[in-house]
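Just add 655 to wherever you are in the sequence shown, counting from 1, and you've got this note's numbering.
All C-beta atoms, glycine included, are put in the ideal place defined by N, C-alpha and C.
Comments concern the structure below.
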Amino acid sequence: MAGLADEGDGGAALSQTLDRGLRVLEVLSAAPRPLSVVEIAAAIGLHRSVAYRLVRTLEQHRLVERDTAGGYAPGVGLAALARSVRRTLQAAALPELTALANALRVTAFVVVRDGAEAVTIASVEPRAAAAHVAYQPGTRHAVDRGAPGLALLMPDAPAAGDRDALRRARERGWAQSDSEVIAGLRSVAVPVLGADARAAAALAVVFVESPAPPASLAAELAAAARRITRALA
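Below is the structure:
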């Protein structure tokens, strides 16, 4: 890859091997099922032997794991790393996520902005619900799509190119979406404000069938978001 060099090149800005390893993790995180070495190699354009060395190294560090059929998937070591991402925010949000998930019987999650994307950093599934949605940390989507992404944009100054959905979200104080990120799934979200009055995160719930009117869900989320904001302050 142009612009990358492997270890040992003192003048290189980036490590090709590290870049490839991270791309393996990205491919596995986005895949709906474990992937074979051949599939991983094809996804990132590498020879099978190179891909095999990468996944074996990642496996040794518990960042990927192999199933009985020989497929590779994200490993439990990633969970330990994820817990340190936005540690203060996660510490403030997790009790609220747990309370929301169990009271509303839906999956609750917190999302932060990463450039042009919204990234889930923590989620909690309800204990007692007969069925619920699994929405894993690391899930990404465009920041201008889905209720969590819209909630992240709500505190920003209005712009000429804003979507109608974003304008409506600002008017009522919460965002909602239906099948916009994942077909069949609906979501309601509110911003969590930081000290600068901008969105430090978005607090959201995801479901197939609404357990309550969206406005009622939004009211619960808004109250939890205010408590998180106070905890962050």
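Starting from the C-beta of residue i, find all residues in its chain whose C-beta is less than 8 Å away, skip the five residues before and the five after it, and write them out in chain order.
{"i": "Gln745", "result": "Arg738, Val765, Ile776, Ala777"}
{"i": "Ala748", "result": "Val765, Ala777, Val847, Ala856, Leu858, Ile883"}
{"i": "Asp819", "result": "none"}
{"i": "Arg759", "result": "It is worth fixing the name first, because residue 759 is Leu in this sequence and not Arg. Here the set comprises Pro781, Val860, Pro866, Ala867, Leu872, Glu875."}
Could you pull out every residue in the same chain whose Cβ sits closer than 7 Å to the Cβ of residue i, ignoring the five residues on either side in sequence?
{"i": "His716", "result": "Gly732"}
{"i": "Val788", "result": "Thr762, Leu840, Val861, Phe862, Val863"}
{"i": "Glu780", "result": "Ala756, Thr762, His787, Ala789"}
{"i": "Ala743", "result": "Checking the sequence shown, residue 743 turns out to be Thr, not Ala. Only Leu887 meet the Cβ criterion."}
{"i": "Arg827", "result": "none"}
With DSSP collapsed to three states, give me the class of residue i.
{"i": "Thr775", "result": "strand"}
{"i": "Val893", "result": "Within the shown structure, residues of the chain are numbered from 656 to 888, placing residue 893 beyond reach of any answer."}
{"i": "Ala806", "result": "helix"}
{"i": "Asp819", "result": "helix"}
{"i": "Glu681", "result": "helix"}
{"i": "Val761", "result": "coil"}
{"i": "His864", "result": "Looking at the sequence shown, residue 864 is not His but Glu. Residue state, collapsed to three classes: coil."}
{"i": "Ser832", "result": "strand"}
{"i": "Glu781", "result": "According to the sequence shown, residue 781 is Pro rather than Glu. DSSP places Pro781 in coil when its eight states are reduced to three."}
{"i": "Pro869", "result": "helix"}
{"i": "Arg841", "result": "strand"}
{"i": "Ala888", "result": "coil"}
{"i": "Ala812", "result": "coil"}
{"i": "Ala852", "result": "coil"}
List the residues that DSSP assigns as beta-bridge partners of residue i.
{"i": "His796", "result": "Ala773"}
{"i": "Arg768", "result": "Ala773"}
{"i": "Ser846", "result": "Per the sequence presented here, residue 846 reads as Pro, with Ser not at that position. Per DSSP, Ala857."}
To the nearest angstrom, report how far apart residue i and residue j are at their CA atoms.
{"i": "Gly839", "j": "Gly801", "result": "12 Å"}
{"i": "Ala806", "j": "Ala870", "result": "14 Å"}
{"i": "Ala850", "j": "Leu718", "result": "35 Å"}
{"i": "Ala886", "j": "Gly770", "result": "25 Å"}
{"i": "Ser670", "j": "Leu709", "result": "14 Å"}
{"i": "Asp722", "j": "Ser691", "result": "10 Å"}
{"i": "Arg768", "j": "Ala686", "result": "22 Å"}
{"i": "Ala706", "j": "Glu681", "result": "13 Å"}
{"i": "Ala797", "j": "Leu821", "result": "13 Å"}
{"i": "Pro750", "j": "Glu720", "result": "29 Å"}
{"i": "Val679", "j": "Arg703", "result": "12 Å"}
{"i": "Leu713", "j": "Pro868", "result": "45 Å"}
{"i": "Ala697", "j": "Leu677", "result": "15 Å"}
{"i": "Trp829", "j": "Ala873", "result": "6 Å"}
{"i": "Thr672", "j": "Ile695", "result": "15 Å"}
{"i": "Ala783", "j": "Ala754", "result": "12 Å"}
In chain order, what residues of the same chain have a beta carbon less than 6 Å from the beta carbon of residue i, not counting five sequence neighbours either side?
{"i": "Ala854", "result": "Leu807, Pro810, Pro846"}
{"i": "Ser684", "result": "Pro729, Gly793"}
{"i": "Ala880", "result": "Val845, Val847, Leu858"}
{"i": "Pro803", "result": "Val766, Ala773, Ala844, Ala857, Ala859"}
{"i": "Asp799", "result": "none"}
{"i": "Gln632", "result": "What the structure shows of the chain is the stretch from 656 to 888, and residue 632 is not part of that stretch, so it cannot be assessed."}
Cβ of residue i versus every heavy atom of the ligand NAP: is any distance shorter than 8 Å?
{"i": "Val779", "result": "This structure lacks the ligand NAP; in fact it carries no ligand of any kind."}
For this session: Could I get the ranges of all uninterrupted alpha helix (DSSP H) runs contained in the stretch 684-751, with 4 residues as the minimum, in chain order?
Result: 692-699, 703-715, 732-737
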